[in-house]
Amino acid sequence: MLKIPRVLAALAAMLLFAVAGCGSDDDDSGGASSAEKATQAKASGNVTWCIGKDTTGAFGTVVDNFNKANPNAKVKLLELPEDAVEQRRLQIQRLRAKSDECDVLGMDVIWTAEYAAQGWLKDVSDYISQNGDKFIKSTVDTTDFEGKNWGVPFNSNAGFIYYRTDEVDKAPSTWEDLYKQAQQGNGVVYQGFRYEGLTVNFLELLYSAGGSIVSDDGKQATADSQEVKDVLKFMADGIKNGAAPKAVTTYKEEESRRAFESGNATFMRNWPYAYALGKDSKIGDKFDIATFPGFAGQEGAGVLGGYNLGISAYSKNPEGSLAFIEFATEPDQQKIMATEASLPPTVSATYDDPAVKKAMPFAAELKTAIEQAQPRPVSPVYPQISEAVYNNVYDALQGKSSPDEAASNMNDQIQQALETF
Amino acid sequence: MEAATARLGRRKARKRKSYGSEERRLAALLLSPAMIVIALVAAYPIGYAVWLSLTEYSVRVPGKWRFAGFDNYTKAFGSTEFWDAVKNTFIFTGLSVTLELVIGLGMALAMHAAFKGRGLLRTVVLVPWAVLTVVSAITWRTLFEPNLGLAPTVLGKLGIAENVVWLGQSGYAMAVMVLADVWKTAPFMALLLLAGLQVIPDDVYDAAKVDGATAWQRFRRITLPLLVPAILVALIFRTLDALRIFDLPFVLTGGTNGTSTLSLIAQQELTTNNLIGYGSALSVLTFVIVMAVSFIYIRTVGGNIRSLAEDN
Chain W
2 MLKIPRVLAA LAAMLLFAVA GCGSDDDDSG GASSAEKATQ AKASGNVTWC IGKDTTGAFG
62 TVVDNFNKAN PNAKVKLLEL PEDAVEQRRL QIQRLRAKSD ECDVLGMDVI WTAEYAAQGW
122 LKDVSDYISQ NGDKFIKSTV DTTDFEGKNW GVPFNSNAGF IYYRTDEVDK APSTWEDLYK
182 QAQQGNGVVY QGFRYEGLTV NFLELLYSAG GSIVSDDGKQ ATADSQEVKD VLKFMADGIK
242 NGAAPKAVTT YKEEESRRAF ESGNATFMRN WPYAYALGKD SKIGDKFDIA TFPGFAGQEG
302 AGVLGGYNLG ISAYSKNPEG SLAFIEFATE PDQQKIMATE ASLPPTVSAT YDDPAVKKAM
362 PFAAELKTAI EQAQPRPVSP VYPQISEAVY NNVYDALQGK SSPDEAASNM NDQIQQALET
422 F
Chain L
11 MEAATARLGR RKARKRKSYG SEERRLAALL LSPAMIVIAL VAAYPIGYAV WLSLTEYSVR
71 VPGKWRFAGF DNYTKAFGST EFWDAVKNTF IFTGLSVTLE LVIGLGMALA MHAAFKGRGL
131 LRTVVLVPWA VLTVVSAITW RTLFEPNLGL APTVLGKLGI AENVVWLGQS GYAMAVMVLA
191 DVWKTAPFMA LLLLAGLQVI PDDVYDAAKV DGATAWQRFR RITLPLLVPA ILVALIFRTL
251 DALRIFDLPF VLTGGTNGTS TLSLIAQQEL TTNNLIGYGS ALSVLTFVIV MAVSFIYIRT
311 VGGNIRSLAE DN
């Protein structure tokens, strides 16, 4: 009797998989006939767009708009989980099985190189060379792997410093100042949990300091450098002397946001999504945001986030897929993404739109932040590189290894990752 | 379905005149569908995982692979990550299963006593077990969130473990993980033990009472010995589950601060790092360890159960 729930759960799971697997069966039916295709210059056929959960409904709006404008084509939205790690897992599962279920893939910028290396994407260099100018340049860089473009920038992202206007007069202009003020005030919170977010938080400081972790040709680890040691020491000291609470080692984005909104921090590093939510919280009129300060006497720099749209190598309708991607990156649709979903556009012109400026009062700063942001290393072994970074940064933050040891371990592990078969 | 085929088999068997080898062949034939299913759903994936663990797939060139021999295993045995995971997995299993046994036994004894609303209580007690582990793990994570969580706030007020970041410090993180597991599975243990308690006949206790045995003596001399088979079955269940623990460390700590487990690192290498060969080797090692432990259990404990059953 006790086993029944398990059996039921297993059955339910199997049914779910079966249903999910059947979802795409009707994809090839109902498309426009070839005669009609010849007369229609625009998109035709069925396209399935696989991207993370449509939490705001904005993806659905863009799909509806496209379907209205293109009566011969039909785009279907296939929502993947909200968590990026799960999105990637489900996409890779389909791609490994050479499934044609997904035509257009919504990919985090850090997956693009990996997918391209595995031959899972169609080359869209032609499209980028003709239309690339309308995008912010840094976002186009994230689609590049070995000299070709494998995706079209869909939305971007860059971090900000959030600060309490009632505790400090203005945003500090250097990280050193920020930590000093944090130590005197209520501290700075960031994403210090051992995961991708910690890699981003670390690289923001390292890029500001002028350091790097991988050489430009992507073949050599460069993490055993003074810059890496300095940044690790800076971050570890921050926790030791109380500028950042010990608790940041358990914080992801949401934990940091909750700590900041509950008044437990003077500064916070977070993505733009926390702005609108913060304005609704009890400290709504007591904070403002700023682009990253400089470090070690150099300019501030961010790390680029966001999503690219790629066409699956197994898609049966690459033309229709490209037509949809073109549509989704038109200024009008980008505006919808910005105003409805708070997703930073990749198209430069969208930032000047009054509706966007109204929905994102920080639009100008955001555009600057994205323009200045640098991509994370573009590599098919990026997951391992990132693991080497966040594991060792975490050990340094926890005092388990000294900054020098952490830097040298990080370098060894990155080098090992780069030499993966 | 098996019953139907069995009936069919009997009918067929009756038609035959000669028995012996012919009958044995028939038996093999009738068993073959079940064998094929087992081969497909169990033997094939396990064999495939073992094969994958001896290979290396390229992360750069699509479809490219090479035979790696035991390289993946040598890599695992040479990494601190693997041995840390082995150590943590066994610490977690030892602590959680022991606590679950003690608490589960207490709960079972309480539920065994006759009182009003016993049926309802038995159902209610199972609720934690019915909650998905991931869901309960998220709840525990929120409970222990620094500054804002209920647990550090209350404990801090009482002056216990002040300024401790529970999920961010070695030892404390493991404690939360064990606590979350005990909360969830002690009821399951209790139910298995309750079933064992219910088959102990009442007249044994009556006789003991007549002889003047105290409550403690009755528990020590009657309940415990007669409960041993149920305890052993429950222990096997829980130990094998605990050795494969994945969801709790995945959600609570991400394997930080002395909480990484075998299943967790295998998943990390397989799905995050895309190292199919190495990840499979870690999975096979996990499988071997679990197999070895269950073998030891069945060897030492299985015989025990049989002899106990014979004694009864």
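Those sequence lines, one after another, are chains W and L. 2 is the number of the first residue of the first sequence in the numbering used here; add one for each residue after it. 11 is the number of the first residue of the second sequence in the numbering used here; add one for each residue after it. Ideal placement from N, C-alpha and C gives every residue a C-beta, glycine not left out.
Item	Value
Tell me whether residue 302 of chain L is buried or exposed, calling it buried when 16 or more other Cβ atoms sit within 10 Å of its Cβ.	exposed
State the CB to CB distance for the pair residue 270 of chain W and residue 202 of chain W, rounded to an integer number of angstroms; the pair is presumed to be in contact (CB under 8 Å).	6 Å
I think residue 303 of chain W touches residue 370 of chain W, with their Cβ atoms under 8 Å apart; what is that distance to the nearest whole Å?	5 Å
Excluding five sequence neighbours on each side, which residues of the same chain lie with their C-beta closer than 7 Å to the C-beta of residue 409 of chain W?	225
Taking all protein chains shown into account, decide if residue 108 of chain W is buried (16 or more other Cβ within 10 angstroms of its Cβ) or exposed.	buried
Taking the beta strand (DSSP E) that residue 154 of chain W belongs to, which residues open and close that run?	153-158
Just to confirm before moving on: does the CB-CB distance between residue 310 of chain W and residue 329 of chain W stay below 8 Å?	yes
Contact check, residue 307 of chain W vs residue 301 of chain W under 8 Å by CB: the rounded distance?	Not really, about 19 Å apart at Cβ, beyond 8 Å.
Is it a yes or a no for the segment 125-145 of chain L touching the segment 195-208 of chain L, going by three-plus beta-carbon pairs under 8 Å?	yes
Taking residue 241 of chain W as the reference, which of W:84, W:183, W:172, W:126 has the closest Cα?	W:183
For residue 149 of chain W versus residue 174 of chain W, is the C-beta spacing smaller than 8 Å?	no
Would you mind stating whether residue 287 of chain L and residue 237 of chain L have Cβ atoms separated by less than 8 Å?	no
Residue 62 of chain W to residue 110 of chain W, Cα distance in whole Å?	23 Å
Distance cutoff 8 Å, beta carbons only. Does residue 263 of chain W sit that close to anything in chain L?	yes
Rank W:94, W:83, W:234, W:105 by C-alpha distance to the C-alpha of residue 64 of chain W and give the top, closest one.	W:105
Quick one: any contact between the segment 266-273 of chain L and the segment 374-386 of chain W, if contact means 3 or more CB pairs under 8 Å?	no
Taking only beta-carbon atoms, is residue 120 of chain W less than 8 Å away from chain L?	yes
Who are the Cβ neighbours of residue 167 of chain W in its own chain at under 7 Å, not counting the five residues just before and after it?	287
Between the segment 174-203 of chain W and chain L, which residues of the former have a C-beta closer than 9 Å to a C-beta of the latter?	193, 194, 195, 196
Any beta carbon of chain W sitting closer than 8 Å to that of residue 155 of chain L?	yes
Between which residues of its own chain and residue 141 of chain W is the CB-CB distance below 7 Å, once the five residues before and five after are set aside?	129, 133, 154
Would you tell me roughly how many angstroms separate the C-alpha atoms of residue 245 of chain L and residue 225 of chain L, rounded to the nearest one?	25 Å
My output table needs one value for residue 412 of chain W: the three-state DSSP class, helix, strand or coil.	helix
Could you run through the segment 246-259 of chain W and flag, in chain order, every residue whose CB is less than 9 Å away from some CB of chain L?	246, 247, 248, 249, 250, 251, 252, 256, 259
Can you find at least 3 beta carbon pairs, one from the segment 149-160 of chain L and one from the segment 248-264 of chain W, that sit closer than 8 Å?	yes
Along the chain, which unbroken stretches of the beta strand (DSSP E) at least 3 residues long are found entirely within the segment 304-336 of chain W?	306-312
Does the distance from the CB of residue 273 of chain W to the CB of residue 367 of chain W come in under 8 Å?	yes
Below 7 Å on C-beta distance, what does residue 72 of chain L contact in chain W?	119, 120
If residue 106 of chain L and residue 240 of chain L are in contact, beta carbons under 8 Å, what's the gap, nearest whole angstrom?	With a Cβ gap of about 19 Å, residue 106 of chain L and residue 240 of chain L do not count as contacting.
Going along the chain, which residues of its own chain have a beta-carbon closer than 8 Å to the beta-carbon of residue 309 of chain L, five neighbours each way excluded?	none
Along chain B, in chain order, which residues have C-beta atoms closer than 9 Å to that of residue 264 of chain L?	In the displayed structure, chain B is absent; the protein chains listed are W and L.
Please tell me whether residue 321 of chain W and residue 74 of chain W are closer than 8 Å, where the distance is taken between their beta carbons.	yes
Considering only the beta carbon of each residue, do residue 215 of chain W and residue 415 of chain W sit closer than 8 Å?	yes
I'd like the span of the beta strand (DSSP E) that includes residue 67 of chain L, first residue to last.	65-67
Counting only beta-carbon atoms, is residue 82 of chain L nearer than 8 Å to chain W?	no
Decide if residue 82 of chain L is buried, meaning its Cβ has at least 16 other Cβ atoms within 10 Å, or exposed.	buried
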